[in-house]
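Reading through the structure tokens given below for one structure.
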Amino acid sequence: MNNYNQDTWNIIRKNENTLGIIFTLAVKKILGNQKKVFIEHSINKGLYVELNISLNKIEENLDDIKYEMNKIIEENLSIEKKVKPKDEAIEIFKSQCMMDKVKLFNTLDKENFELYKINGYFFNINGPIFDKTGEVNKFDIKLEGRGIVLTYPRKDTMDKIPEYIKQEKLLKIFRESENWAQLIGIKNVGELNQHTLNDDLDDIVRISEALHEKKIAQIADEICQSDSKIILIAGPSSSGKTTFSQRLGVQLRVNGKKFHTVGLDDYFVERHLTPKDEEGNYDYDTIDALDLELFNEHLKQLLSGEEVVIPSYSFKTGKRNFDKKPIKISSNEYLIIEGIHGLNEKLTKDIDKKDKYKIYISALTQLNVDNHNRISTTDLRLLRRMIRDSKYRGYDAATTLDLWNNVRKGEEKYIFPFQENADVMFNSSLIYELAVLKKHALKVLEGLDDEGEFASEKKRLIEFLNYIVGFEEDFIIPNTSIIKEFIGGSCFRERTH
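Going by my numbering, the residue at position 463 of the sequence shown is 465; the numbering climbs one at a time, nothing skipped.
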């Protein structure tokens, strides 16, 4: 059964891409051609964008921009696809002062490019787009941070604009990632490609990995300076939780501390008590599939210095055994718990807040294709998962895609609503990552049928990857890197699997 709902996602992507272009046109009309729009990233069911003007200036013109956007939609302007030779496309973007696109196209070995013309302007679009501006029928814009958030109907609210909830911690980690990109000197794919072509990506790898290690060390230091004894780690699929947990453990050891790890899977209730979903299948994703009373009782005993025997759950029999060696937390030890419900207070309802340190980890992309084409965090995680599933689980791309919609449903329900509960957030993406993932991802994607149910998704992802200049030398990536968890060669994965 195909759970991917490609038609729904295509509509959402068309809506987002078209709305971004409408916003850009409105800004140019109200503020002038020299004003730049930077479509940055998705945040809380909205699209975060920035302009190269002051926040006061944005606020002064916000209503006028919204009015102009509505006008463009009402005029129902045509969006025409035009195929242009590379040299002509570059000259077009030079004339439009879009030098980010010029830089990108100069790094690509392509004869022709598909551009889209609307109201006299040309754009390159990474993904599907509507044929007419009038097909965007609902949106809103509001100030957020240093920029603006565009909101529009999403998968779970196709008939209305979802409520926007401010996420200060997520914005903060995006800002940190932007600072890292600025420090490294790469803010878009064109600049990444240039480093790859110049054969100097090894320096980018070293700096990126050092930034990760420094951040993990800072988190470990903060934990050691707190009263917390229980470390809870949660994040969506393919965030690199396994590698992060192991690297955090190393940094705790550097501080003279030790740790025990506990998996939430071992606290599943026995199968006859397991809740079922709307289709009658056992629902292991819901927090109610866990024995919360036993889990909290064990945590309280461990915090009191008592020995505890952690259960072991068998998916084969659906029963628990208590045959492990007992564990005990001494004064210089921590308990690390990794699982999708780690940030949900219900999981540790009987434990004092001061005893818990919560970490949210996700792969939040630091760079975009260009100023108007963001790189989806979800797409990055999907590519990671495809590569990992192929290498370690023997799954083809179709199997991963078939499961992906249910994976995302679980994330939307059990992870994302609680991410602001985290004490700290860690961005596991690396600015050079896509250059490395490209060859691995293409190999997996090529296995999809060109005429099959995932043909359009294969085309979309390959077209996106074709913007990236691939990097072949995996050997320069350290075996402690989060990327190695997916492409192979991780010292942590080899030890824990």
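Glycine included, each C-beta is placed from N, C-alpha and C at the ideal position.
Within its chain, find whatever has a CB closer than 6 Å to the CB of residue i; leave out the 5 residues flanking it on each side and keep chain order.
{"i": "residue 491", "result": "481"}
{"i": "residue 410", "result": "none"}
{"i": "residue 19", "result": "127, 129 and 131"}
{"i": "residue 280", "result": "none"}
{"i": "residue 246", "result": "363"}
Leaving aside the five residues before and after residue i along the sequence, list all residues of the same chain whose C-beta is less than 7 Å from its C-beta, in chain order.
{"i": "residue 209", "result": "186"}
{"i": "residue 462", "result": "129"}
{"i": "residue 32", "result": "63, 66, 67 and 70"}
{"i": "residue 436", "result": "470"}
{"i": "residue 183", "result": "189, 368, 369 and 433"}
{"i": "residue 243", "result": "235, 237, 340 and 363"}
{"i": "residue 48", "result": "151, 152, 153 and 166"}
{"i": "residue 493", "result": "481 and 482"}
{"i": "residue 213", "result": "182"}
{"i": "residue 376", "result": "41, 42, 43 and 370"}
Alpha helix (DSSP H) containing residue i: first to last residue?
{"i": "residue 91", "result": "88 to 97"}
{"i": "residue 302", "result": "294 to 305"}
{"i": "residue 209", "result": "203 to 227"}
{"i": "residue 446", "result": "435 to 447"}
{"i": "residue 468", "result": "Where residue 468 is concerned, there is no enclosing alpha helix (DSSP H), given that its DSSP letter is neither H nor E."}
{"i": "residue 416", "result": "399 to 416"}
{"i": "residue 505", "result": "The first residue shown for the chain is 3 and the last is 499, placing residue 505 beyond what the model contains."}
{"i": "residue 191", "result": "191 to 199"}
{"i": "residue 2", "result": "For the chain, the structure presents residues 3 to 499; residue 2 sits outside this window and is missing."}
{"i": "residue 58", "result": "57 to 77"}
What is the rounded straight-line gap between the Cα of residue i and the Cα of residue j?
{"i": "residue 292", "j": "residue 78", "result": "52 Å"}
{"i": "residue 25", "j": "residue 97", "result": "20 Å"}
{"i": "residue 265", "j": "residue 340", "result": "6 Å"}
{"i": "residue 11", "j": "residue 459", "result": "10 Å"}
{"i": "residue 176", "j": "residue 366", "result": "7 Å"}
{"i": "residue 358", "j": "residue 114", "result": "55 Å"}
{"i": "residue 1", "j": "residue 255", "result": "Any question about residue 1 goes unanswered here, given that the chain covers just 3 to 499."}
{"i": "residue 251", "j": "residue 232", "result": "13 Å"}
{"i": "residue 347", "j": "residue 453", "result": "46 Å"}
{"i": "residue 443", "j": "residue 207", "result": "19 Å"}
{"i": "residue 13", "j": "residue 398", "result": "26 Å"}
{"i": "residue 17", "j": "residue 43", "result": "15 Å"}
{"i": "residue 5", "j": "residue 342", "result": "Unreliable placement is indicated for residue 5, whose pLDDT of 47 sits below 50; the coordinate value is still reported in the next sentence. In a straight line, the C-alpha of residue 5 is about 21 Å away from that of residue 342."}
{"i": "residue 200", "j": "residue 479", "result": "18 Å"}
{"i": "residue 84", "j": "residue 112", "result": "15 Å"}
{"i": "residue 402", "j": "residue 333", "result": "43 Å"}
{"i": "residue 82", "j": "residue 249", "result": "50 Å"}
{"i": "residue 219", "j": "residue 156", "result": "37 Å"}
{"i": "residue 309", "j": "residue 441", "result": "49 Å"}
{"i": "residue 329", "j": "residue 125", "result": "60 Å"}
{"i": "residue 225", "j": "residue 294", "result": "25 Å"}
{"i": "residue 498", "j": "residue 476", "result": "A caution first: residue 498 carries a pLDDT of 45, below 50, which makes its placement in the model too unreliable to give a value."}
{"i": "residue 215", "j": "residue 148", "result": "28 Å"}
If residue i sits next to residue j, beta carbons under 8 Å apart, how far is it from one beta carbon to the other, in whole angstroms?
{"i": "residue 211", "j": "residue 430", "result": "Incorrect: roughly 12 Å between the Cβ atoms, too far for contact."}
{"i": "residue 104", "j": "residue 92", "result": "5 Å"}
{"i": "residue 37", "j": "residue 53", "result": "6 Å"}
{"i": "residue 407", "j": "residue 360", "result": "Going by Cβ atoms, the distance from residue 407 to residue 360 rounds to 27 Å, so no, they are not a contact pair."}
{"i": "residue 138", "j": "residue 144", "result": "With 8 Å as the limit, residue 138 and residue 144 do not qualify as a contact, their Cβ atoms being about 17 Å apart."}
{"i": "residue 34", "j": "residue 102", "result": "No, residue 34 and residue 102 are not in contact; Cβ-Cβ is about 18 Å, not under 8 Å."}
{"i": "residue 335", "j": "residue 262", "result": "7 Å"}
{"i": "residue 288", "j": "residue 196", "result": "Residue 288 to residue 196, Cβ: 47 Å. No contact."}
{"i": "residue 388", "j": "residue 438", "result": "No, residue 388 and residue 438 are not in contact; Cβ-Cβ is about 14 Å, not under 8 Å."}
{"i": "residue 297", "j": "residue 315", "result": "Incorrect: roughly 12 Å between the Cβ atoms, too far for contact."}
{"i": "residue 301", "j": "residue 350", "result": "7 Å"}
{"i": "residue 221", "j": "residue 428", "result": "7 Å"}
Can you tell me where the beta strand (DSSP E) with residue i in it begins and where it stops?
{"i": "residue 322", "result": "321 to 323"}
{"i": "residue 279", "result": "Note, residue 279: premise wrong, no beta strand (DSSP E); not H, not E."}
{"i": "residue 176", "result": "Run containing residue 176: none in the beta strand (DSSP E); it sits in the alpha helix (DSSP H), 170 to 186."}
{"i": "residue 152", "result": "149 to 153"}
{"i": "residue 143", "result": "142 to 146"}
{"i": "residue 125", "result": "123 to 125"}
DSSP puts residue i in a beta bridge; with which residues?
{"i": "residue 360", "result": "234"}
{"i": "residue 44", "result": "49"}
{"i": "residue 343", "result": "According to DSSP, which records beta bridges pairwise, residue 343 is partnered with nothing at all."}
{"i": "residue 262", "result": "337"}
{"i": "residue 429", "result": "364"}
{"i": "residue 117", "result": "84"}
{"i": "residue 132", "result": "Answer is none; residue 132 lacks a bridge partner."}
{"i": "residue 372", "result": "375"}
{"i": "residue 489", "result": "Residue 489 is not bridged to any residue."}
{"i": "residue 329", "result": "310"}
{"i": "residue 246", "result": "Partner(s): none; residue 246 has no beta bridge."}
With a threshold of 8 Å on Cβ separation, who are the neighbours of residue i within its own chain once the five nearest residues in sequence on each side are excluded?
{"i": "residue 320", "result": "272, 273, 274 and 276"}
{"i": "residue 345", "result": "234, 236, 360, 362, 417, 420, 421, 423 and 424"}
{"i": "residue 29", "result": "37, 39, 53 and 67"}
{"i": "residue 74", "result": "24, 27, 28, 121 and 135"}
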